[in-house]
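Residue numbers (the numbering used here): 12 to 203.
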């Protein structure tokens, strides 16, 4: 009986310690929370879901994000790009579907990589699944942007701009909706 009471007390103390640890973890902010942006063209969505890291007094470009190495363009899980309409970006047709976005940082000419693999951790990258690599316009910002920010902005009824900003770097590339074919399956992963 004493042994049974002792086990119950040990179990209760262990349970209390586990619960207090979980509460402490729940109160800590997530360092790179998920965020998403989306726009619609004629009721069809284009969206980006990404991990949103902060500068937190760190040098980002050329340090945390090294030049010349593929970057997940976010944090944690890979950055998801889903379009319900066919797009033309940098002269390349992107069929409606789900993709992953990466970038290849450089001091002068960044590349946007649209990759056909989806659902992976951000550091899992297979270059054989690249759909296309496109040049991004790169400009310096006067004021630093604390958190990585994606913007999808409409520039007309069938045109838009994808913008990525962090630290003092702003990257952008225009796109347009390809009229005609529209897919009803945004999870289409096969590209020809």
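Just so you know, even glycine gets a beta-carbon here, dropped at the ideal spot from N, CA and C.
Residue i versus residue j - alpha carbon distance
| i | j | result |
| --- | --- | --- |
| residue 70 | residue 124 | 23 Å |
| residue 80 | residue 138 | 12 Å |
| residue 188 | residue 98 | 5 Å |
| residue 85 | residue 165 | 22 Å |
| residue 47 | residue 156 | 17 Å |
| residue 126 | residue 50 | 21 Å |
| residue 162 | residue 87 | 19 Å |
| residue 52 | residue 174 | 17 Å |
Exposure label - residue i; buried when at least 16 CB within 10 Å
| i | result |
| --- | --- |
| residue 196 | At residue 196, the pLDDT of 44 sits below 50, so the modelled position is not reliable and the matter cannot be decided from this model. |
| residue 177 | buried |
| residue 167 | exposed |
| residue 62 | buried |
Reduced DSSP category for residue i - H, G, I as helix; E, B as strand; rest coil
| i | result |
| --- | --- |
| residue 64 | coil |
| residue 138 | helix |
| residue 149 | strand |
| residue 109 | strand |
| residue 104 | strand |
Identified DSSP bridge partners for residue i
| i | result |
| --- | --- |
| residue 72 | 76 |
Given 8 Å, three or more beta-carbon pairs between the segment 128 to 137 and the segment 148 to 156: no
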